[in-house]
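Taking the numbering used here, the leading residue of the sequence shown gets 157, the next gets one more, and so forth.
The block underneath contains the structure these notes are about, expressed in structure tokens.
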Amino acid sequence: MIDVLEMTKKYGKFKANDRLTLSVEKGELAILLGPNGAGKSTLIKSVCGLLRFQGDIKIGGHENHTVEAKRLLGYVPEFPVLYPILTVTEHLEFIAKAYRLDQWEKRAEELLARFELDDKKKKLGKELSKGMQQKVSVCCALLPQPQAVIFDEPLVGLDPHGIRELKGVISELRASGCALLVSTHMIESMEENWDVTYIMVKGRIERVCRREDIGADQSLADVYFSITEGKEKEAVL
């Protein structure tokens with residue numbers, strides 16, 4: 157559903173992403189792990205069509221920059237970007253019109269209620285806390301019922317209720333056949349349901365790890381630190 161093949165992103169001579177290849181199938185939760193500066197956000201922005209790159213990225217078989225691909229994809233950025241003078245409801249209405257959705261109001265109400273925003277519908281974007289802005293961003297991404305969703309550090313800024321609800325939504329999306337790519341530093345937060353993990357270091361994917369590859373005496377965190385700490389030591393030497 158999400159297919160990245162030999163993708164490279166350069167800033168001048170610096171390679172932020174170096175020949176990355178990954179795929180996320182329907183009903184699969186893929187986690188993107190890596191230290192700061194590993195290139196995770198660059199990869200995500202490239203997949204979403206926000207950056208130019210070398211290589212090939214497809215969503216549902218469509219080139220990622222096409223309208224067909226964008227209709228299939230939902231995106232929750234690390235830092236929510238809301239229009240300061242639009243209300244919460246107007247943000248959802250904007251998304252509904254952009255995606256040409258019919259009878260979207262009921263789903264919007266359900267999403268707002270789930271994330272405890274139903275009493276904030278008339279609040280302007282500039283009046284919301286970061287956590288509330290993040291919740292609105294999630295609601296906007298899920299309103300069109302996308303077949304693939306990308307989350308960049310989705311739990312940052314959320315309160316305990318928001319974290320619980322978002323984790324529940326992610327589990328439901330996975331069960332419904334949605335392809336999910338989640339970039340996070342909070343390894344333990346996604347350790348329950350993941351299917352495949354891509355561990356990035358310095359712009360490259362150093363390890364592709366499937367759940368069945370993890371031994372009974374190991375955790376995903378153990379694998380992650382064994383790879384990233386080893387690379388850091390190599391850099392020092």
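Don't be surprised by glycine CBs; every beta carbon is placed ideally from N, CA and C.
This one's a predicted model, so the numbers in the text were calculated from it and none came from an experiment.
The three-state reading of DSSP puts Asp159 in strand, counting E and B together. Going by beta carbons, Leu280 and Leu273 fall outside the 9 Å limit. By the neighbour-count criterion, in which a residue is buried when 16 or more other Cβ atoms sit within 10 angstroms of its Cβ, His221 is exposed. With fewer than 16 other Cβ atoms from the protein chains shown falling within 10 Å of its own Cβ, His317 counts as exposed.
Pairing Phe209 with Lys165 gives a Cβ-Cβ distance under 9 Å. For Leu337, the enclosing beta strand (DSSP E) starts and ends at Ala335 to Ser339. Between the C-alpha atoms of Glu162 and Ala194 there is a straight-line separation of about 17 Å. A contact is defined here as three or more CB-CB pairs under 8 Å, and the region 286-297 fails this definition with respect to the region 169-189. At a Cβ-Cβ threshold of 9 Å, Leu257 and Val305 do not count as neighbours.
Taken through DSSP and simplified to helix, strand or coil, Cys296 comes out as helix.
If you draw a straight line from the Cα of Lys282 to the Cα of Asp369, it is about 46 Å long. Contact between the region 366-385 and the region 332-349 is present: 3 or more CB-CB pairs across the two stretches fall below 8 Å. According to the DSSP assignment, Ser202 belongs to the alpha helix (DSSP H) that extends over Lys196 to Val203. Judged by DSSP secondary structure, Phe250 falls within the alpha helix (DSSP H) whose first and last residues are Val244 to Ala254. Per DSSP, the unbroken beta strand (DSSP E) holding Ala172 starts and ends at Phe170 to Val180.
Inclusion of Leu248 and Ala264 in the CB contact set at 9 Å is warranted, their separation being smaller than that value. Here Ser382 is exposed, its C-beta having fewer than 16 other C-beta atoms within 10 Å.
Secondary-structure assignment with DSSP links Met288 through no beta bridge to anything. Phe209 is not bridged by DSSP to any residue. Each residue's CA atom was taken as its position, placing Val232 and Leu299 some 12 Å apart. Taking 9 Å as the cut-off, the beta carbon of Leu189 is found no closer than this to the beta carbon of Val160. Relative to the Cα of Lys276, the nearest Cα in the group Ala254, Thr243 and Val203 belongs to Thr243.
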